[in-house]
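K.L.:
Chains as they are written, first to last, in this note's numbering: chain A, 82 to 547; chain B, 82 to 547. We put the CB at the ideal spot given by N, CA and C, even for glycine. The structure is given below, and queries will be raised subsequently.
Number of protein chains: 2
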Amino acid sequence: MSVDGGRDGRRRLVVIGGDAAGMSAASQARRMSGPEELEIVAFERGRFTSYSACGIPYWVGGDVPERDQLVARTPAEHRARGIDVRTRTEVVEIDVAGQRVRARDVDSGAESWTSYDGLVIGTGARPVRPDMPGVDAPGVHGVQTLDDGEALLDSLERAPGRRAVVVGAGYIGVEMAEALINRGFEVTVVNRGREPMSTLDPDMGRMVHGAMEGLGITMVNDAEVTRVLTGEDGRIRAVATEGAEYPADVVVLGIGVRPETSLARAAGLPVGAHGGLLTDLAMRVRGHGNIWAGGDCVEVLNLVSGQEQYVPLGTHANKHGQVIGTNAGGGYATFPGVVGTAVSKVCDLEIARTGLREKDAHRAGLRFETVTIESTSRAGYYPGASPMTVKMLAERGTGRLLGVQIVGREGAAKRVDIAAVALTARMTVQQMTSLDLGYAPPFSPVWDPVLVAARKATAKVRAGRP
Amino acid sequence: MSVDGGRDGRRRLVVIGGDAAGMSAASQARRMSGPEELEIVAFERGRFTSYSACGIPYWVGGDVPERDQLVARTPAEHRARGIDVRTRTEVVEIDVAGQRVRARDVDSGAESWTSYDGLVIGTGARPVRPDMPGVDAPGVHGVQTLDDGEALLDSLERAPGRRAVVVGAGYIGVEMAEALINRGFEVTVVNRGREPMSTLDPDMGRMVHGAMEGLGITMVNDAEVTRVLTGEDGRIRAVATEGAEYPADVVVLGIGVRPETSLARAAGLPVGAHGGLLTDLAMRVRGHGNIWAGGDCVEVLNLVSGQEQYVPLGTHANKHGQVIGTNAGGGYATFPGVVGTAVSKVCDLEIARTGLREKDAHRAGLRFETVTIESTSRAGYYPGASPMTVKMLAERGTGRLLGVQIVGREGAAKRVDIAAVALTARMTVQQMTSLDLGYAPPFSPVWDPVLVAARKATAKVRAGRP
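So this is what it looks like as structure tokens:
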């Protein structure tokens, strides 16, 4: 086995994982520190770098015509910027004491050690594949990587019929259901929870349920898939729950992801209750001054609950990479945490949340009041005004904002940013009632829906005071 | 002259002005305090109450078909809620020492005094009518009230030709230009400033200029109208500047409004440098415990500059009314101030601002850095992604956010709310770089345009430090 460790006076930064966190870190470190000072080697076991996994449903659904549109920067483009990207090369061991990693060429199987001065772990997530009969049969697909997307598109093309089952009704499940409808499939979504979008409280999830049915999607809630049934040809033919069978020509698994930390665990690095690596504010793996980790393989601090949480989202991965690259390149930056913002859509229904749901707040030991209001996206008299529902949680007594969920048509998703900033600033709902938000008839009623909710929450907090 | 002052143990709240501030105050006071405790008398010189003046351009342009859609609550509806609304009745004198107002029936001319325990002044604004020849000729219109809107619509219908001149290129001017285009007129906008939308810095106003020309509107900048020329029939025929004439079958004045405070001044109430009434945080007129004022007749504190400002906007008027009504009804509420948010559109171009422009910051004695970035409304690969320009001002040294201006297509206007909340919370641009804003490909690039601007501003502030 060769050892790539010869030094020429330059420091070497090794990056494991060529997507958002890893390559953002590499790119930012390169901006901070030139090739004469810092060598950057990035290992990626797949063929692609810096791609938008969040865009896969839109590519599968046909809104984005070409796979390569999802690639923000190719390996060649990274190399042209002085980053030594090694694709189809999987890191199989981290030797923390020896400050080196062992990498394997996926095609040839050849292995070699590469030493590092600094290490960035951006190994991402792996989709949950339930341990049940038939789950590995042809026709069952995850949608985590571009390769997954290609395999699914291929499978859709070859499918003997037009029946699709999506397992799971979180963001990916819901977005994939829409994508498959757009591809002309009959779609059934089988969901373990009471309502789709368990990132919302069930009363808000019910609205998503209605909208999905409106699109012709069959929603099966409170149902757990127990096996995938295959035909004589070994190909899938149906999905079974405890009490029913759903015929399927293709099955998409959208039941979430887990942090990919097997390498890090084997190396003795600390992981938290949700299975993600634990870092400090500078995104250094706790207890390790020269190892950083970011993106879908780490846990993050939720600034509202004060607890660690697992939030695999590209937007955090990019921020982590930015912070890591700044620090690894000799600068200083921190990532303070998240407030739990997420937005999505099913056709023209926009879905948004930030902060804590009711169950999160209970779990964090908080007592709270909730209000739910109906308003409109524009002034009521302005053409195209559409309904918008805002749910707001505020801490009992103090009135501190704890969370907001919004479901509506246009303007519902990004309106949650108002609450995201207010949560970050630890505002009370009373303070929010006088926020100077943009008003004009085409964009908002004179009282923005978020302000209407804040007013009602303020009144409820006040009434609840002893 | 009759005197309406007989008391039956109830307190009496008198409201002057039946639009947003006055009637919001009356309604909220009524919610706080029943008719057995509090009598509420509201005087309005026009025929309408609680209407959306901001909606007038959309009514004139045809987007809103009926005038009455702009009326949120009619006099009869207010009366049904226990508010004694007296329309076509103008208050002509406030006797502060005597705690009474003198009102005149507009039709009969009859006058009477009404005594009060509490007084709310919501007299609004009057449009600036430049003192120049011809300005009162038939065919010259303001657009402040529903009556103005009706007169203008009538004039458009009878106009001998299809040429319209709009004087002024602020919000009203720009919105009226679009309305007149929608009505099939050839529109020329004559503007005193370097670029339209002087509420933006000129570099951002230039984009609005381009968009207006794209709609076929003729923009004439750096030009002051000196007279309105009339024909032999006394009707307008053209608008003249120092060097040119612009033929006109109808003229719309959109050169802003001034606080309507003649009554209050005559009564010795304090007005500020911008001509608006000065209030305390509870919206009481300074030095007067039982007189409140709100809406377009008051000045407000700008929380960013620390100075009083005049911002006639319906959204503030409603908030003022809410605060006044709470206090007048026996509760407690305050209005902390504004950050200067305003949004508008010209066809599909959205225009937003909050905080300070460059000249505001200079005037406030602040030193600052500015950055301007180009991004997109959605992920670059997602269909319909459109360009968005964000300009950001940050204080030198501290990095405190001072202002944001956004011009773009979809999603540009309400994105400014992120900055409005950040200004209220006195965040630095560095703190903003880690804001957990909603991200999904249909709604934002992975770095929201506001975050891109914050990152660039952070770098510039840092580079500028000694």
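Below 8 Å on the Cβ atoms is my contact criterion, and I expect V224/B with V320/B to pass it. Report the Cβ-Cβ distance as a whole number of Å.
P.N.:
In the second sequence, residue 224/B corresponds to position 143, counting from 1. In the second sequence, residue 320/B corresponds to position 239, counting from 1. No, V224/B and V320/B are not in contact; Cβ-Cβ is about 16 Å, not under 8 Å.
K.L.:
Thinking just about the alpha-carbon of each residue, which of A540/A, A409/A, D498/A and A442/A is nearest to the one in D198/A?
P.N.:
Here residue 198/A is taken as the residue at index 117 of the first sequence, counted from 1. Checked all of A540/A, A409/A, D498/A and A442/A; the closest Cα to D198/A is A409/A.
K.L.:
Return the first residue and the last residue of the beta strand (DSSP E) that R207/B is part of.
P.N.:
Looking up residue 207/B in the second sequence gives position 126. Residues A206 to P208.
K.L.:
Would you kindly work out how many angstroms separate the C-alpha atoms of L233/B and R91/B, rounded to a whole number?
P.N.:
Numbered from its first residue, the second sequence carries residue 233/B at position 152. Numbered from its first residue, the second sequence carries residue 91/B at position 10. So the alpha carbons of these two residues sit roughly 44 Å apart.
K.L.:
Check the Cβ of C428/A against every Cβ in chain B and list those closer than 9 Å, keeping chain order.
P.N.:
Along the first sequence, read from residue 1 onward, the residue named residue 428/A stands at position 347. Chain B residues near C428/A: none, gap ~10 Å exceeds 9 Å.
K.L.:
Using a Cβ-Cβ cut-off of less than 9 Å, list which residues of the segment 523–541 of chain B approach chain A; keep chain order.
P.N.:
P523, F524, S525, V527, W528, D529, V531, L532 and R536
K.L.:
Please give the ranges of any alpha helix (DSSP H) in the segment 458–525 of chain A, keeping only runs that are unbroken, at least 4 residues long and fully inside the region.
P.N.:
497–505 and 510–513
K.L.:
Checking contacts by CB at 7 Å: is N383/B closer than that to chain A?
P.N.:
The sequence position of residue 383/B within the second sequence is 302, counting from 1. No, because no Cβ of chain A sits closer than 7 Å to the Cβ of N383/B.
K.L.:
Under a three-way DSSP split, which group does V527/A fall into?
P.N.:
Reading the first sequence from its first residue, position 446 is the one you call residue 527/A. Of the three classes helix, strand and coil, the one that applies to V527/A here is coil, per DSSP.
K.L.:
Closer than 9 Å, Cβ to any Cβ of chain A: which residues of the segment 490–505 of chain B, in chain order?
P.N.:
E491, G492, A494, K495, R496, V497, D498, I499, A500, A501, V502, A503, L504 and T505
K.L.:
I'd like the ranges of any beta strand (DSSP E) spanning at least 3 consecutive residues and lying wholly in the segment 92–125 of chain A.
P.N.:
92–97 and 119–124
K.L.:
Assuming D165/A and I121/A make a contact with CB atoms under 8 Å, what is their CB distance in whole Å?
P.N.:
To locate residue 165/A, count along the first sequence from 1; it is residue 84. To locate residue 121/A, count along the first sequence from 1; it is residue 40. Contact holds; Cβ gap of about 6 Å.
K.L.:
Verify the contact flag: R112/A, CB atom, against every heavy atom of the ligand GDP, threshold strictly below 6 Å.
P.N.:
The ligand GDP is not part of this structure, which contains no ligands at all.
K.L.:
Could you check the C-alpha separation between T470/A and G480/A for me, to the nearest Å?
P.N.:
Counting from 1 along the first sequence, the entry for residue 470/A is found at position 389. Counting from 1 along the first sequence, the entry for residue 480/A is found at position 399. Whole-angstrom Cα-Cα distance: 21 Å.
K.L.:
Assuming D282/A and I499/B are in contact, meaning their beta carbons sit under 8 Å apart, how far apart are those beta carbons, in whole angstroms?
P.N.:
Taking the first sequence and counting its residues from 1, one reaches residue 282/A at position 201. Taking the second sequence and counting its residues from 1, one reaches residue 499/B at position 418. With 8 Å as the limit, D282/A and I499/B do not qualify as a contact, their Cβ atoms being about 24 Å apart.
K.L.:
Count the CB pairs spanning the segment 270–281 of chain B and the segment 244–253 of chain B that are closer than 8 Å, and state whether there are at least three.
P.N.:
yes
K.L.:
Using only the alpha-carbon positions, how far apart do M513/A and I317/A sit?
P.N.:
Position 432 of the first sequence holds residue 513/A. Position 236 of the first sequence holds residue 317/A. For M513/A and I317/A, the distance between alpha carbons rounds to 53 Å.
K.L.:
Locate the beta strand (DSSP E) running through I262/B, then write down its first and last residues.
P.N.:
For the purposes of this step, residue 262/B is taken as the residue at position 181 of the second sequence. Where I262/B is concerned, there is no enclosing beta strand (DSSP E), although the alpha helix (DSSP H) it sits in stretches over Y252 to N263.
K.L.:
Roughly how many angstroms lie between the CA atoms of L307/A and S425/A, to the nearest whole one?
P.N.:
Taking the first residue of the first sequence as position 1, residue 307/A is located at position 226. Taking the first residue of the first sequence as position 1, residue 425/A is located at position 344. Before going further, note that residue 307/A is Thr rather than Leu in the sequence given. The alpha-carbon atoms of T307/A and S425/A are separated by roughly 28 Å.
K.L.:
Quick one: complete alpha helix (DSSP H) runs, 4+ long, within the segment 286–342 of chain B?
P.N.:
none
K.L.:
Tell me the residue span of the alpha helix (DSSP H) that contains D228/B.
P.N.:
Along the second sequence, read from residue 1 onward, the residue named residue 228/B stands at position 147. Counting along the chain, the alpha helix (DSSP H) containing D228/B begins and ends at L227 to R239.
K.L.:
Could you check whether the Cβ of P464/B sits closer than 7 Å to any Cβ belonging to chain A?
P.N.:
Start at 1 with the first residue of the second sequence, and residue 464/B comes out as number 383. Closer than 7 Å to some Cβ of chain A, the Cβ of P464/B qualifies, so yes.
K.L.:
Select from the segment 394–420 of chain A all residues with a C-beta closer than 9 Å to any C-beta belonging to chain B, and list them in chain order.
P.N.:
L394, G395, T396, H397, A398, N399, K400, Q403, V404, A414, T415, F416, P417, G418, V419 and V420
K.L.:
Compute the Euclidean distance between the alpha carbons of L504/A and V420/A, then round it to the nearest angstrom.
P.N.:
The residue you call residue 504/A lines up with position 423 of the first sequence. The residue you call residue 420/A lines up with position 339 of the first sequence. About 7 Å.
K.L.:
Looking at the secondary structure, which residues open and close the beta strand (DSSP E) in which D186/B lies?
P.N.:
In the second sequence, residue 186/B corresponds to position 105, counting from 1. Looking at the DSSP string, the run of the beta strand (DSSP E) that includes D186/B is R181 to D186.
K.L.:
From this set, V502/B, T360/B, G418/B and G395/B, which residue's C-alpha is nearest A153/B's C-alpha?
P.N.:
On the second sequence, position 72 is the one that residue 153/B refers to. Nearest option by C-alpha distance: G395/B.
K.L.:
For G199/B, write down the residues that DSSP places opposite it in a beta bridge.
P.N.:
Taking the first residue of the second sequence as position 1, residue 199/B is located at position 118. Per DSSP, the beta-bridge partners of G199/B are L94/B.
K.L.:
State the start and end residues of the unbroken beta strand (DSSP E) segment that holds V270/A.
P.N.:
The sequence position of residue 270/A within the first sequence is 189, counting from 1. Bounds of the beta strand (DSSP E) holding V270/A are E267 to V271.
K.L.:
Could you give the distance in angstroms between the alpha-carbon of P219/B and the alpha-carbon of R239/B?
P.N.:
Along the second sequence, read from residue 1 onward, the residue named residue 219/B stands at position 138. Along the second sequence, read from residue 1 onward, the residue named residue 239/B stands at position 158. Using only the alpha carbons, I get a separation of about 11 Å.
K.L.:
Between which two residues does the beta strand (DSSP E) carrying G436/B extend?
P.N.:
Numbered from its first residue, the second sequence carries residue 436/B at position 355. That run of the beta strand (DSSP E) goes L430 to G436.
K.L.:
Classify L151/B as helix, strand or coil using the three-state DSSP reduction.
P.N.:
In the second sequence, counting from the first residue as 1, residue 151/B sits at position 70. If DSSP states are grouped into helix, strand and coil, L151/B belongs with the helices.
K.L.:
Is DSSP giving Q549/A helix, strand or coil here?
P.N.:
One cannot answer for residue 549/A here, as it falls past the ends of chain A, which runs 82 to 547.
K.L.:
With H, G and I counted as helix, E and B as strand and the rest as coil, what does DSSP make of A409/A?
P.N.:
Start at 1 with the first residue of the first sequence, and residue 409/A comes out as number 328. Note: A409/A maps to helix in three-state DSSP.
K.L.:
Using the DSSP secondary-structure output, state which residues sit across from W140/A in a beta bridge.
P.N.:
As a working mapping, residue 140/A is identified with position 59 in the first sequence. The partner list for W140/A (beta bridge, DSSP) is empty, contrary to what the question assumes.
K.L.:
In the DSSP assignment, find the alpha helix (DSSP H) that holds R162/B and state where it starts and stops.
P.N.:
The residue labelled residue 162/B in the question sits at position 81 within the second sequence. It is not in any alpha helix (DSSP H) - R162/B carries neither H nor E in the DSSP assignment.
K.L.:
Give me, in chain order, the residues of the same chain whose beta-carbon lies closer than 8 Å to that of H551/A; leave out the 5 immediate sequence neighbours on both sides.
P.N.:
With chain A running from 82 to 547 in the structure shown, residue 551/A is simply not present.
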